[in-house]
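Enquirer: In the working numbering, the protein residues as written are 148 to 416.
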Ligand code: IPD
Ligand code: CA
Ligand code: CA
């Protein structure tokens, strides 16, 4: 196993102790509203600090992009390496005791993700991937599903919940996919949704307006599991645009085709 992946796993486990302990006492959780429908708890912050402690101790020179604390340079300044951290993906679920959330940590080298962990702390499911080394769930190799047809495919998504600029295009896609797929699910933790594509629980996925920390870990899981992931134009800029389509190769192509029919000038990539 790549040494950096070992460290990421250690950091994710450290965060999970904080998250799992807090999940037993949700009544006393301190919640702050960042923006409308955008919540942060003391748990997000404490988990992020714990993750950064572990990563920094092992690799002080690497830069960091973390959801709650933003961008920090490494000890040596402009490192080619950057950790991309979502300490608790699915905070709204967590606050409600809805057991679908995860820790997501990735390592990027010159903007390319090379190591990734998405850890479901409720089910103790550890998804890991190293570039060129395959994707795993609790150390067993995972692959995307073999589903060939959209009408047999289970599709994951995330609803727009804070920015509604593209709600009409989103709903038009939703309407068409509701008719053309076998079903649509909105579990509420994007990193875990992507891990579910990687292990074949979902055949495809789409969402708009995500942040790099929601996507980075899950994207490597998907490509290492034999899946495809792109922005809405079929290109690789999804970490920048935040809009993405993913799936096994067959379902991915059919999803992209449906979405292509609803792209607007403001929603091109
Ligand atoms: C959110 C979740 C959700 C997605 C949102 C994300 P957070 O992350 O991944 O599924 O729809 O766009 O912001 O805020 O809980 O870390
Ligand atoms: Ca997130
Ligand atoms: Ca988060």
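Heads up, the beta-carbon is just placed ideally off N, CA and C, and yes, glycines get one too.
1) Between residue 305 and residue 236, what straight-line distance do the alpha-carbon atoms span, to the nearest angstrom?
2) Should residue 342 and residue 409 be called a contact, given that it needs their Cβ atoms to be closer than 8 Å?
3) Between residue 385 and ligand 1, is there a pair consisting of the residue's CB and a ligand heavy atom that are separated by less than 7 Å?
4) What residue from 203, 326, 234 has the CA that sits closest to residue 298's CA?
5) Residue 171: buried (16+ other C-beta within 10 angstroms of its C-beta) or exposed?
6) Using a threshold of 7 Å, is the CB atom of residue 238 nearer than that to any non-hydrogen atom of ligand 1?
7) Given 7 Å as the limit, tell me if residue 396 has its C-beta closer than that to any heavy atom belonging to ligand 3.
8) Is the beta carbon of residue 345 sitting closer than 8 Å to the one on residue 274?
9) For residue 254, which of 239, 401, 233 has the nearest alpha-carbon?
10) Should residue 360 be counted as a contact of ligand 2 given a C-beta to heavy atom distance under 7 Å?
11) Is the region 211-228 touching the region 243-259, taking contact as three or more C-beta pairs under 8 Å?
Expert: With the given structure in hand:
1) Rounded to the nearest whole angstrom, the C-alpha separation of residue 305 and residue 236 is 12 Å.
2) no
3) Answer for residue 385: no, Cβ out of range of ligand 1.
4) 326
5) exposed
6) Result yes, Cβ under 7 Å from ligand 1.
7) No, Cβ of residue 396 sits at least 7 Å from all heavy atoms of ligand 3.
8) yes
9) 233
10) It does: the Cβ of residue 360 is within 7 Å (strictly closer) of some heavy atom of ligand 2.
11) yes
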